[in-house]
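Colleague:
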Amino acid sequence: MSNEAGRKLDRYLKDNAAEARRENAAKPGKVKKYRSARLSRWRGRAVSWLYMAPSLIGVGLFFVLPFGVVIYYSVINNPVQQEYVGTANFIRTWNNNAFQLAARNTLMFSLIAVPLAVLLSLWLAVIMESRIPFKSTFRTFFLSPMMVPIASVILVWQVLFDHNGLVNVLLSRVGADKIDWLKSDYAPLVIVLLFLWKSLGYNMILFMAGLSSVPKDQIEVARLESATENQIFWKIKVRYLSSTIMFVVIMSLINSFKVFREVYLLSGDYPYNSLYMMQHFMNNTFRTLDYQKLSSAAIIMAAVMMVIIGILLISEDRFGRDLEQ
Amino acid sequence: MALFRKKHRVRNIYEPDYRRYDAISDRKRAERRRTFRRTIAALVFAFLFLMPTVLTFTNSFMASSEISANYGSIFATNTSGGRVYVSKTVNLKFIPDMVTFSQYITVLFKSPEYLMKFWNSVIYVVPIVIFQLFVASLASFGFARYRGKVKQLIFFLYIVLMLMPYQVTLVPNFMVSSRLGIVGTRWAIWLPGIFSPFAVYMLTKYMRRIPYSLYEAASIDGAGEWQIFTQICMPICRGGLASIAILIFIDYWNMVEQPLILLDNEEMYPLSVFLSRINAQEISLAFAVAVIYMVLPMLFFLYGEEYLVEGILYQGGIKE
């Protein structure tokens, strides 16, 4: 392409715009008069930043700038003296008993909840893929917990898992001992059930879409080659699902860090030890307004999240589908 | 050879080829059996998934005496009055002995504090949904219309922010809010909600699917950026806006973390936090309040299930 062609195009566009202007001259609507297409593009580029401005200012003000302050607070000794202390705050937070307990519990919860969430929702998606009747009704049923506020159903969880609750009634009928579920080491399991109830539908939708994108002809060929259903599932479908599986794993992991909501609604500010989550630690630190501890804890959490997000992005890249597109 | 013979064999209708017949029906039978098993599994799951919601709903029609008779052993630990009959074990009932609206009448007309908290929830959520969508649609248009290295970087920052849990984001939010002096006011909930990067991420992904030639054509026809935005981009994104609105709504309708930290007056708490603090005397009301609380999201769900599914798929990056 030469300069000439570009000029030709410019002239053509100009003529076109002139024509449009002439056409629209009688109409009340506004038509922008640009000298050339390149200028209009440049202006558009500048204007596009204007469109982004409200969001940029808001995000900058409420998330990015204060995060700088958080970093600042994490390396000084206190807001009055403001002396640089290096990593002392981080070490203090890291060695804090409550922080360790919260981190351990949150990690423990994720380790139980995430594999269950992924496997069960994949299974549900496989069920939904086969020729069962009333498919769309089932989908509605499975998805409905996502829209039910947790606060509305905690009563049912209390009825089920209280010391005198239904589960214990059933257990005692079998002859087992009563367990005070929410005040025992089994408490995370109760929360895992709530977490699964809430999130399986979401994951299932993702897996269903993933399964429907598996090429049909490959399955057909495998069938002709007399592959068993198991082989077809593990060797073909799971392979095509790998990026979806990765996404669901990471999303479940991130959501499992947010599980404080459920715990708080079920057992309040001071839950049993095994339910003391990261957000509890943060809430209690907020109460004392210990900025140093808050900041260093937030930064440690952010660092962990960055690692997880990094894994997500790298794996998305490797499997060909980019979160960033 | 076998193929050849089969093709030319005169079909004997009196003596069907049993081998062939059995082979087909074996596979069919296996599939039918599998489908049956899966239907049963789906039914079991459906029961488990619906049970809590349905139970909350039906129990809200029980009289308070029936509630305390059924669940008294759980909730009535602090009550002083011993006149009501309290069963030793819990009694899970799907269908009330007598359907009564007395709980609803009490909640709606006699005890205004529940409606106040419900109203609080509405006041927090509605502006957040509307303005987050507004800010985000402008911003995503900026992100999607022209691209560049810097924008790519900023967009990546948005993704990271979106994925951060509240443990991380609430600390900076709190610091700014306390500097601005809005801690304890509604603005402390509204402003971080409105500028949340979630909707920007979702809408940008949606808008990037609009072919660039469409913008180009409009701009050649003399449309300005604003006209392109309002008359081309927005009408295409209508479905996406609905999906995202549902996702934002349900997230903020459920909010617990923000009010606990950013508000200090319990009068201003939304219903989600308040529901967990209903004391034992009013436990019979709790089911009715719970139902009132889930009516709105359930209605959105019933009317917008397709949008919800679409929204999930956009988030998952499958629909690009």
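Protein sequences, first through last, are from chains H and V.
In terms of the numbering used here, the first sequence opens at residue 16 and continues consecutively.
In terms of the numbering used here, the second sequence opens at residue 23 and continues consecutively.
Think of the CB as a built atom: it goes at the ideal place given N, C-alpha and C, for glycine as much as any other residue.
Predicted model, so just to flag it, every value in this text is computed and none were measured.
(1) Looking at C-alpha atoms only, which residue of V:124, V:318, V:252 and V:180 is the closest neighbour of residue 141 of chain V?
(2) Tell me which same chain residues have a C-beta within less than 6 angstroms of the C-beta of residue 102 of chain V, skipping the five on either side of it?
(3) Using a Cβ-Cβ cutoff of less than 6 angstroms, which residues in the same chain neighbour residue 107 of chain V once the five nearest sequence positions on both sides are dropped?
(4) Exposed or buried, which one is residue 227 of chain H when buried takes at least 16 other CB atoms within 10 Å?
(5) Verify the CB distance criterion: does residue 247 of chain V have a CB-CB separation below 7 angstroms to chain H?
(6) In terms of alpha-carbon separation, which member of V:246, V:222, V:335 and V:146 lies closest to residue 181 of chain V?
(7) Taking the C-alpha atoms as reference points, what is the distance between residue 344 of chain V and residue 160 of chain V?
(8) If the cut-off is 7 angstroms on Cβ atoms, which residues from the region 259 to 290 of chain V count as contacting chain H, listed in chain order?
(9) Please work out which residues of its chain come closer than 8 angstroms, Cβ to Cβ, to residue 216 of chain V, disregarding the five sequence neighbours upstream and downstream, and give them in chain order.
(10) Kindly provide the ranges of any alpha helix (DSSP H) runs that are 4 or more residues long and lie completely inside the region 274 to 301 of chain H, ordered along the chain.
(11) Looking at chain V, is there any beta carbon in it that lies within less than 7 angstroms of the beta carbon of residue 162 of chain H?
(12) Residue 330 of chain V: buried (16+ other C-beta within 10 angstroms of its C-beta) or exposed?
(13) Near residue 252 of chain H, what residues of its chain come up, given a Cβ to Cβ distance below 7 angstroms and the 5 sequence neighbours on each side ignored?
(14) Closest by CA to residue 168 of chain H, which one among H:206, H:133 and H:194?
(15) What whole-angstrom Cβ distance do residue 301 of chain H and residue 196 of chain V have, given they're in contact under 8 angstroms?
(16) Closest to residue 306 of chain H by CA distance: which of H:97, H:68 and H:80 is it?
(17) Using a Cβ cut-off of 7 angstroms, pull out every chain H residue sitting near residue 60 of chain V, in sequence order please.
(18) Provide the residue(s) that pair with residue 250 of chain V in DSSP beta bridges, ordered along the chain.
(19) How about residue 164 of chain H and residue 276 of chain V: are their beta carbons less than 7 angstroms apart?
(20) Rounded to whole angstroms, what is the Cα-Cα separation between residue 255 of chain V and residue 73 of chain H?
(21) Against chain H, which members of the region 326 to 338 of chain V pass a CB distance test of less than 9 angstroms?
(22) Sorted by chain position, which residues of the same chain lie with C-beta nearer than 7 angstroms to residue 291 of chain H's C-beta, five sequence neighbours on each side aside?
(23) Helix, strand or coil for residue 201 of chain H? Go by DSSP, reduced to three states.
(24) What does the alpha-carbon distance come out to for the pair residue 62 of chain H and residue 171 of chain V?
(25) Using the Cβ count rule (16 or more neighbours within 10 Å means buried), how would you classify residue 105 of chain V?
(26) So with Cβ pairs under 7 angstroms, would you call residue 307 of chain H a contact of chain V?
(27) Quick one: is residue 313 of chain V buried, meaning 16 or more other Cβ sit within 10 Å of its Cβ, or exposed?
(28) Could you list the residues in the region 271 to 294 of chain H with a C-beta less than 8 angstroms from some C-beta on chain V, going in chain order?
(29) Got a sec? Which residues, its chain only, sit under 7 angstroms from residue 306 of chain V by beta carbon, not counting five neighbours each side?
(30) Suppose you measure from the CA of residue 135 of chain V to the CA of residue 294 of chain V; what does that come to, to the nearest Å?
(31) Do residue 100 of chain H and residue 92 of chain H have their C-beta atoms closer together than 7 angstroms?
(32) Along chain V, in chain order, which residues have C-beta atoms closer than 7 angstroms to that of residue 64 of chain H?
(33) Under a three-way DSSP split, which group does residue 91 of chain H fall into?
(34) Give a single yes or no on whether residue 273 of chain H has its beta carbon closer than 6 angstroms to a heavy atom of the ligand NAP.
(35) Within 7 angstroms of any Cβ in chain V, is that where the Cβ of residue 341 of chain H sits?
(36) Can you list, in chain order, the residues of its chain whose CB lies under 7 angstroms from that of residue 323 of chain V, leaving out five sequence neighbours each side?
Modeller: Put simply:
(1) V:318
(2) Residue placement at residue 102 of chain V is flagged as unreliable, the pLDDT there being 41, under the threshold of 50; the coordinate-derived value follows with that caveat. Once the five neighbours on either side are set aside, residue 102 of chain V has no close Cβ partner at all.
(3) Because residue 107 of chain V sits at a pLDDT of 48, beneath the cut-off of 50, its placement in the model cannot be relied upon, and the point is left open.
(4) exposed
(5) yes
(6) V:222
(7) The structure shown does not extend to residue 344 of chain V, since chain V spans only 23 to 342, so no value can be given for it.
(8) 272, 275, 276, 278, 279, 282 and 283
(9) 149, 150, 153, 154 and 157
(10) 275 to 282
(11) yes
(12) buried
(13) 226 and 229
(14) H:206
(15) 7 angstroms
(16) H:97
(17) 142, 145 and 147
(18) Answer is none; residue 250 of chain V lacks a bridge partner.
(19) yes
(20) 23 angstroms
(21) 327, 330, 331, 334, 335, 337 and 338
(22) 116, 117 and 120
(23) coil
(24) 17 angstroms
(25) Because residue 105 of chain V carries a pLDDT of 43, less than 50, the predicted location of this residue cannot be relied on, and the following value inherits that uncertainty. Exposed, by the Cβ-count rule.
(26) no
(27) buried
(28) 272, 273, 275, 276, 279, 280, 281, 283, 293 and 294
(29) 86, 89, 90 and 125
(30) 13 angstroms
(31) yes
(32) 164
(33) strand
(34) Of ligands this structure carries none, so the ligand NAP is not represented either.
(35) No answer is possible for residue 341 of chain H: the residues shown for chain H start at 16 and end at 340.
(36) 330
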